[in-house]
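In our numbering, the protein residues as written are 456 to 716.
Just below is one structure, and these are the notes that go with it.
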């Protein structure tokens, strides 16, 4: 049973049918991570889409953990009337999704884990140290450039006309949520490795092959450690929903249909 929580989340609910619970990434939001995916999911599912503290309309919270976020997301599924659901997690949301499967196994029917990780490797830790320093300094202009460098593939970024770069950086800077630092800290401190072997539901792991923020090796680790997990690859940087939204959506929808989720 979900415990009483010290945080409540701003949540959108769309569609009808079997439940899908979304878990977005650190420094992201439902709008930023799932806008391209939600309409397709909602055509045949009840989609519950919560924003973490400091994202969307959810007030900022000082202390976050993967366990706290996991229980808070399940509480939103409760509020939407979902007894069971498939989790679609992106980036840090894969950690939250795995932790939900460990803490509430009777609720979870399936998992889709994109650009994810079980624990932060040295590259992720170094990147998040830079995140935290830039956010602490309030230097969103540099943060936007770091996001462009680490979030997008070389081909995607270099194809952008130079005269459009200032507007692109401005858009990235405006999209940084107030809770980005606290969300990044969850990635720095979470290790879901011990949870993976106990997952027994259909699972799809999607690796982002040109990802320099969360190496695709992390997705391979997830796929190898989760019993029976399916594995797929997308030739994209970390921000798959910007570079390859149609391919990403098709992988997810085909998986859900194949397993009756």
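C-beta atoms are modelled at their ideal positions from N, C-alpha and C, and glycine is treated no differently.
Owing to the predicted nature of the structure, the values given are computational and were not obtained by experimental measurement.
* Asked: Which whole-angstrom value is the C-beta distance of residue 511 and residue 465, which I expect to be below 8 Å?
  -> By one-based count along the chain shown, residue 511 stands at place 56. By one-based count along the chain shown, residue 465 stands at place 10. The pair is a contact, with the Cβ atoms about 5 Å apart (cut-off 8 Å).
* **Inter-residue Cα distance where the pair is residue 612 and residue 714** => The sequence position of residue 612 within the chain shown is 157, counting from 1. The sequence position of residue 714 within the chain shown is 259, counting from 1. If I take the Cα positions, the gap works out to 36 Å.
* **Sequence-distant residues of its chain with Cβ nearer than 6 Å to residue 496 (five each side left out)** => The residue given as residue 496 occupies position 41 in the chain shown. Excluding residues within five positions, the ones whose Cβ falls inside 6 Å are 475 and 502.
* **Cα-Cα separation between residue 716 and residue 628, rounded to whole angstroms** => Your numbering for residue 716 matches position 261 in the chain shown. Your numbering for residue 628 matches position 173 in the chain shown. Going from the Cα of residue 716 to the Cα of residue 628 covers about 37 Å.
* Asked: Would you call the CB atoms of residue 622 and residue 651 closer than 7 Å?
  -> The count along the chain shown starts at 1 and reaches residue 622 at position 167. The count along the chain shown starts at 1 and reaches residue 651 at position 196. The answer is no: Cβ separation not under 7 Å.
* Between which two residues does the beta strand (DSSP E) containing residue 683 stretch? -> By 1-based counting over the chain shown, the position of residue 683 is 228. Run containing residue 683: none; DSSP gives neither H nor E here.
* To do: Compare the beta carbon distance of residue 491 and residue 671 with 7 Å and say whether it is the shorter of the two.
  => As a first step, residue 491 is located in the chain shown; it is residue number 36 there, counting from the start. As a first step, residue 671 is located in the chain shown; it is residue number 216 there, counting from the start. Result no, Cβ atoms of residue 491 and residue 671 do not sit closer than 7 Å.
* Buried or exposed: residue 637, going by 16 or more other Cβ atoms within 10 Å of its Cβ? -> Mapped onto the chain shown, residue 637 falls at position 182. With 16 or more neighbouring CB atoms inside 10 Å of its own CB, residue 637 falls in the buried class.
* Asked: Relative to the ligand GDP, is the shortest distance from any of its heavy atoms to the C-beta of residue 688 smaller than 6 Å?
  -> Although the ligand GDP was asked about, the structure shown includes no ligands whatsoever.
* Asked: alpha helix (DSSP H) containing residue 554: first to last residue?
  -> Position 99 of the chain shown, counted from the first residue, corresponds to residue 554. Where residue 554 is concerned, the enclosing alpha helix (DSSP H) stretches over 547 to 558.
* Asked: How far does the alpha helix (DSSP H) with residue 648 in it reach, from first residue to last?
  -> As a first step, residue 648 must be located in the chain shown, where it is residue number 193. Segment 648 to 651, the alpha helix (DSSP H) holding residue 648.
* To do: Per DSSP, which residues does residue 669 bridge with? Please list them.
  => The count along the chain shown starts at 1 and reaches residue 669 at position 214. Its beta-bridge partners do not exist; DSSP assigns none.
* To do: Kindly give me the distance between the Cβ atoms of residue 500 and residue 470, rounded to whole angstroms, as I take these residues to be in contact under 8 Å.
  => Looking up residue 500 in the chain shown gives position 45. Looking up residue 470 in the chain shown gives position 15. 5 Å between Cβ atoms; contact.
* **Span separating the alpha-carbon of residue 523 from that of residue 617** => The residue given as residue 523 occupies position 68 in the chain shown. The residue given as residue 617 occupies position 162 in the chain shown. For residue 523 and residue 617, the distance between alpha carbons rounds to 42 Å.
* Asked: Could you give the distance in angstroms between the alpha-carbon of residue 674 and the alpha-carbon of residue 707?
  -> Taking the chain shown and counting its residues from 1, one reaches residue 674 at position 219. Taking the chain shown and counting its residues from 1, one reaches residue 707 at position 252. In a straight line, the C-alpha of residue 674 is about 15 Å away from that of residue 707.
* Is the distance from the Cβ of residue 634 to the Cβ of residue 509 below 7 Å? -> For the purposes of this step, residue 634 is identified with residue 179 of the chain shown, where counting begins at 1. For the purposes of this step, residue 509 is identified with residue 54 of the chain shown, where counting begins at 1. Closer than 7 Å, so yes.
* If you follow the alpha helix (DSSP H) that residue 469 is part of, which residue opens it and which one closes it? -> The sequence position of residue 469 within the chain shown is 14, counting from 1. Per DSSP, residue 469 belongs to no alpha helix (DSSP H); it is in the beta strand (DSSP E), 466 to 469.
* To do: Using alpha carbons as the reference points, say which of 567, 554, 592 and 639 lies closest to residue 662.
  => Locating residue 662 in the chain shown gives position 207, counting from the first residue. Of the candidates 567, 554, 592 and 639, the one whose C-alpha sits nearest the C-alpha of residue 662 is 567.
* **Under the three-state DSSP convention, the category residue 462 falls into** => One-based indexing of the chain shown puts residue 462 at position 7. The answer is coil: DSSP assigns residue 462 none of H, G, I, E or B.
* For residue 640, the first and last residue of its enclosing beta strand (DSSP E) -> If you number the chain shown from 1, residue 640 lands on position 185. It is not in any beta strand (DSSP E) - residue 640 instead sits in the alpha helix (DSSP H) that spans 635 to 644.
* To do: Can you give me the Cβ contacts of residue 532 inside the same chain, cut-off strictly under 6 Å, excluding the 5 residues immediately before and after it?
  => Residue numbering aside, residue 532 sits at position 77 when the chain shown is read from its first letter. Around residue 532: 476, 503 and 540.
* To do: Give me the Cα-Cα distance between residue 594 and residue 516, rounded to the nearest whole angstrom.
  => Within the chain shown, numbered from 1, the residue matching residue 594 stands at position 139. Within the chain shown, numbered from 1, the residue matching residue 516 stands at position 61. Distance between the alpha carbons of residue 594 and residue 516: 21 Å.
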